[in-house]
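K.L.:
Have a look at this one.
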Amino acid sequence: MLHLDKIIEDVCKCKIIPENDIQELCFLAQELLIQESNIQLIDPPITICGDIHGQLHDLLRLFRIAKEPPTTKYLFLGDFVDRGFYSLETFLLLLCYKIRYPDRIYLIRGNHESRQITSVYGFYDECMRKYGSANVWRYCCDVFDYLSLGAYIMSGTNSDGGVLCVHGGLSPAIETIDEISLIDRKQEVPHDGLMCDLLWSDPEENIPAWAVSPRGAGYLFGYTEAERFLFKNNLSLIARAHQLVMEGYKEVFDGGLVTVWSAPNYCYRCGNVAAVLSLDDNLNRNYTVFDSILQDCSEIPSKKPVADYFL
Amino acid sequence: MFSQDQITRSTDYDALSCRLSCHLKGYLIDKYLEKEISGIIRFKLLSIESEFKRLSVKRQLSKQFFGLVDPKGGLKVSSRLPVVLKSPVINRGTWIRTRSIDLVIDQWLGENATSKVQLVILGSGNDTRGFRLLEKHPNLSLIEIDFEETCRIKKYSILNEIALKTVVDAKENQIPDTHEAFINSSASLSTPRYHLIPLDLRQLSSVSQLPSLDPALPTLVLTECCVCYMEDNESNRVLQFFRENLQSGVLVMYDPIGGDSSANYGQIMLQNLSMRGIQMPSLLKYSTIEKQHDRLRELGFSLTNVSDLSFVYTHWIDQPELVSINRLELLDELEELSLINKHYCLLVSSWGTSWRLAFPSQI
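Protein chains in written order, with the numbering used here: chain A, 415 to 725; chain B, 2 to 364.
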């Protein structure tokens, strides 16, 4: 039997969680996530968070500022892991909360929740370093495959339309939200196609429609495409993450799209602030901006957070 | 305890491992690099007296060079690449750093293809750029200046390896094989085309310290992450020395800049570097390309090109090359790359010559 409260306590202290417990956590999480649809329908009020990237201490600070679940209902837009030095703890904490309060916290998939990307950007190495084998990484990757691709925040009273939340952005392959429901999402993130685009695309103010993304996956989409999609799907906003914004959040396309970024001083190097977006019952937007906290976790064999520079 | 100078010298190994990562990933083709690193490892270890410390340095070097250090010494690269090289952001930044300086030097050498010219590299460390240039340009002579310890290791890395020895045209054969003999050997190397000069640049005050330097020849002086480690007055004196003592020249300077004071990128960089004991005294003083521009102007240089590396990345490299670079590995961190690149500057300036760089300048 899992003692979730104890695990949450240990994770917050960066203590090593036994491999068996992680396996069980991941199994329970899969059971929950498999029941969720590709685009989850969620009622407001809700607090939307962008990329976390393994910055556990900043996530704990986020929870202190915006209140812990279940007090506040959360939607995390993916990219929980990679880059930061506590990817595993970050992901486990979110999973624990998900299992404990399934209707008070929602997790959707980011482009880093993938086997290929995590083997390049740090999560795989972190698991190897902490456990000496890839088992823990494998359990987590199996959970990634079950994460939803997006969320739709329904408007109760406001007739302006709801909010679509995805990690990256739009895809030239879809016209309506319903089309996303048809994807079989339980797989590694493909290199192209609709599922890939939702996780990889970016808005671009200087182009009208579609362009190739310099990231090597997904597309850039301009004002016209965003407008068209908002209108056709009766949306007031597309909320997404995926791109570092120095001010924590950035609205573009006349307020029709927002990027939310929740990893302050990203990679312990960038000097940016972070933000979360709270939507009230009427989907009014309220941004909370916060900066970084850096605490040392000495109980875990881990890299010291020293950022790389060109020397 | 490590002295400040030792810590500064250690940054050379960071640059070297970044270039190795780029080389192994296919960003840069450098046929001398693996040979050079092999020698560096061997002679770095020979330079250490205590066997215990030698083991610990060997471990450090092995970590720095991605576990590719052969137990018997030297570098061992197999066809199967190590899982962990430098991150894509660092690879891309290292590539643009090396590539942009290549572009400047290539243009300058191209326009001086028929006459004798010299290249002076300040704080050259273990860079292999000079070897590649010597091979391509028969009219070029090369002067590299660095700390004595660094030069001694580089000298024997060259003499130990036939390809390096050939390219600098060295005739010396004596290679010390004991620690005693090594540390007592001369650190300088001089051939008709190549001069490795052990000298603390802060002590540079007279041309007599650089006998191989010909003040009348057209000269390109390269400083790549070198003067940033000096105190402000020391670095300015070094730059001024070359402007005053050479009849005509081009200065190419690549250095970090702290950035706008309203953002705290530079502050965080100083904090992060201080965890390794590294100091960059003027990072916040010359924090923008405008301030670097004014600095060199006041030292008497006329600026031909002042840009940050993000500008260079988007304006100097043509599309086909960018496309082929983008294919090498997926880079998810575009915003971060552009942010980091905005905090490095490339300045090209000249004196006594009408030479102009053909690439666009940011200011």
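No residue lacks a Cβ here, since even glycine has one placed at the ideal position from N, Cα and C.
Under 8 Å by Cβ, that's how I've got S491 of chain A and V674 of chain A pegged, so tell me the actual separation to the nearest angstrom.
P.N.:
For the record, residue 491 of chain A in the displayed sequence is Leu; it is not Ser. Indeed, because the Cβ distance is near 7 Å, the residues count as touching under 8 Å.
K.L.:
Would you list, in chain order, the members of the segment 657–669 of chain A that have their beta-carbon closer than 9 Å to a beta-carbon of chain E?
P.N.:
The structure shown has no chain E; the protein chains it does contain are A and B.
K.L.:
Could you tell me whether any Cβ in chain B is nearer than 7 Å to the Cβ of D722 of chain A?
P.N.:
Cβ-Cβ to chain B under 7 Å: yes for D722 of chain A.
K.L.:
In or out: K87 of chain B buried (at least 16 other Cβ within 10 Å) or exposed?
P.N.:
Buried, since its Cβ has 16 or more Cβ neighbours within 10 Å.
K.L.:
CA-CA distance, V58 of chain B and L46 of chain B?
P.N.:
Spanning the two alpha carbons is a distance of roughly 7 Å.
K.L.:
Return the first residue and the last residue of the beta strand (DSSP E) that P459 of chain A is part of.
P.N.:
P459 of chain A -> no beta strand (DSSP E), and no H or E assigned at all.
K.L.:
Please check if any C-beta of chain A sits within less than 7 Å of the C-beta of E336 of chain B.
P.N.:
Chain A contact via Cβ: present.
K.L.:
Contact between the segment 138–146 of chain B and the segment 13–31 of chain B is defined here as three or more beta-carbon pairs at a separation below 8 Å; is this criterion met?
P.N.:
The answer is no - the segment 13–31 of chain B does not touch the segment 138–146 of chain B, with fewer than three Cβ pairs under 8 Å.
K.L.:
If we count Cβ pairs, one from each stretch, closer than 8 Å, do we get three or more for the segment 649–660 of chain A versus the segment 448–457 of chain A?
P.N.:
The segment 649–660 of chain A, when compared against the segment 448–457 of chain A, does not touch it at the 8 Å Cβ threshold.
K.L.:
Within 8 Å, do at least three Cβ pairs link the segment 306–322 of chain B to the segment 332–343 of chain B?
P.N.:
Short answer: they touch.
K.L.:
Counting beta carbon pairs with one atom in the segment 230–248 of chain B and one in the segment 284–303 of chain B, are three or more of them shorter than 8 Å?
P.N.:
Short answer: they touch.
K.L.:
Output, in chain order, the set of chain B residues within a Cβ distance shorter than 8 Å of R629 of chain A.
P.N.:
Going along chain B in sequence order, the residues near R629 of chain A (Cβ under 8 Å) are L331, L332, D333, L335.
K.L.:
Can you give me the start and stop residues for the beta strand (DSSP E) that T702 of chain A sits inside?
P.N.:
Unbroken beta strand (DSSP E) run through T702 of chain A: 699–704.
K.L.:
Sort out for me which residues DSSP pairs S101 of chain B with in a bridge.
P.N.:
Bridge partners of S101 of chain B: none, in fact.
K.L.:
Go through the segment 28–96 of chain B residue by residue and report every complete run of the alpha helix (DSSP H) that reaches 4 residues or more, in order.
P.N.:
Counting only runs of 4 or more, we get 34–47, 52–65.
K.L.:
Terminal residues of the continuous beta strand (DSSP E) containing F490 of chain A?
P.N.:
Start and end: 488–490.
K.L.:
Helix, strand or coil, according to DSSP, for A640 of chain A in the structure here?
P.N.:
A640 of chain A falls in the helix class under three-state DSSP.
K.L.:
Using beta carbons (cut-off 7 Å, strictly below), is G94 of chain B in contact with chain A?
P.N.:
Yes, G94 of chain B counts as interfacial toward chain A.
K.L.:
Less than 7 Å between CB atoms is the rule here; does L491 of chain A satisfy it with respect to chain B?
P.N.:
No, its Cβ sits nowhere closer than 7 Å to a Cβ of chain B.
K.L.:
Three or more C-beta pairs closer than 8 Å, one from the segment 265–278 of chain B and one from the segment 118–133 of chain B: is that the case here?
P.N.:
Taking 8 Å as the limit for Cβ pairs, the verdict is that the segment 118–133 of chain B does not touch the segment 265–278 of chain B.
K.L.:
Which chain B residues sit within Cβ distance under 8 Å of Y680 of chain A?
P.N.:
Residues of chain B passing the Cβ test: E337.
K.L.:
Within the same chain, show all residues whose beta-carbon is closer than 6 Å to that of Q65 of chain B, passing over the 5 residues directly before and after it, in chain order.
P.N.:
If we look at Q65 of chain B and ignore the five residues flanking it on each side, its Cβ neighbours are Y14, S18.
K.L.:
Hey, how far is the Cα of I479 of chain A from the Cα of A689 of chain A?
P.N.:
Cα to Cα, the separation comes out at about 11 Å.
K.L.:
Closer than 6 Å: is that where the CB of K420 of chain A sits relative to any heavy atom of the ligand PLP?
P.N.:
Absence of the ligand PLP from the depicted structure is noted, as is the absence of any ligand whatsoever, leaving it without description.
K.L.:
Would a C-beta distance cut-off of 7 Å place I531 of chain A and L693 of chain A closer than the cut-off?
P.N.:
No, they are not a contact pair.
K.L.:
Taking the alpha carbon of K73 of chain B as the reference point, which residue from B:I198, B:S63, B:N327, B:E173 has its own alpha carbon closest?
P.N.:
Among B:I198, B:S63, B:N327, B:E173, the Cα nearest to that of K73 of chain B belongs to B:S63.
K.L.:
Name the residue from B:I318, B:L347, B:P321 whose alpha carbon lies nearest to the alpha carbon of S308 of chain B.
P.N.:
Out of B:I318, B:L347, B:P321, B:L347 has the C-alpha closest to the C-alpha of S308 of chain B.
K.L.:
Classify V239 of chain B as helix, strand or coil using the three-state DSSP reduction.
P.N.:
In the structure shown, V239 of chain B sits in a helix (DSSP, three-state: H, G or I).
K.L.:
According to DSSP, simplified to helix, strand and coil, what is M609 of chain A?
P.N.:
M609 of chain A: helix per DSSP, three-state reduction.
K.L.:
From what residue to what residue does the alpha helix (DSSP H) around R529 of chain A run?
P.N.:
Unbroken alpha helix (DSSP H) run through R529 of chain A: 529–535.
K.L.:
Using only alpha-carbon positions, find the residue among B:V118, B:V228, B:G260 that is nearest to V217 of chain B.
P.N.:
For clarity, residue 217 of chain B is Ala in the given sequence; the question names Val instead. The shortest C-alpha separation from A217 of chain B is found at B:V118.
K.L.:
Per DSSP, which residues does R654 of chain A bridge with? Please list them.
P.N.:
Its beta-bridge partners are A:T673.
K.L.:
Using 8 Å for Cβ pairs, my map puts W614 of chain A next to A631 of chain A. What's the rounded Cβ distance?
P.N.:
About 4 Å separates the two Cβ atoms, so the contact holds.
K.L.:
Under 9 Å Cβ-Cβ, which residues of chain A neighbour M254 of chain B?
P.N.:
None at all; the shortest Cβ gap to chain A is about 14 Å.
K.L.:
Is the segment 462–480 of chain A touching the segment 694–708 of chain A, taking contact as three or more C-beta pairs under 8 Å?
P.N.:
As far as the Cβ criterion goes, the segment 462–480 of chain A touches the segment 694–708 of chain A, which means the pair count is three or higher.
K.L.:
Can you check whether the CB of F667 of chain A is closer than 7 Å to the CB of A640 of chain A?
P.N.:
For A640 of chain A and F667 of chain A, yes; Cβs fall inside 7 Å.
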